[in-house]
Amino acid sequence: MKKLRIGFLLITDHADPLRDRTYIENEDAAILFFCVRSYDEGEQYARALAAIGCDTIELCPGFGNEGVGRIQKAVGPYVPVGVVRFDIFPPCGADRSPDWFQMR
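Going by my numbering, the sequence shown wraps up at 204, each residue one higher than the last.
What follows is the structure, encoded as structure tokens:
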């Protein structure tokens, strides 16, 4: 089975992709993770990830609809772009954790 290559982008105000990056690899997958400051920087890094052969690019929820569209346009139609999804995301202002956090 071919090893899956995944690019992951997180957008934050104080990111420095030259500093805020990591690489994780096991027998099944290789993940290249970068923090970026803006949609423009996200487009630049997404194009680079696609150019080196990432099979897919995953985005944090902070990219929103506009950012996701811009990243997909930047990498073209042949590299799938996905978005991490939360039903309730406490760091973004939810007033309580999901019920499943309470179950044990």
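Ideal placement from N, C-alpha and C gives every residue a C-beta, glycine not left out.
- Here the alpha carbon of Ile152 sits roughly 21 Å from the alpha carbon of Gly167.
- The DSSP-derived three-state label of Leu118 is coil.
- Using a 10 angstroms sphere on the CB of Leu118, the tally of other CB atoms stays under 16, which defines it as exposed.
- Its chain contains Ala115 as the residues whose beta carbon lies nearer than 6 Å to that of Arg137, once the 5 sequence neighbours on both sides are disregarded; these appear in chain order.
- Gly153 carries a coil assignment under DSSP once its states are collapsed to helix, strand and coil.
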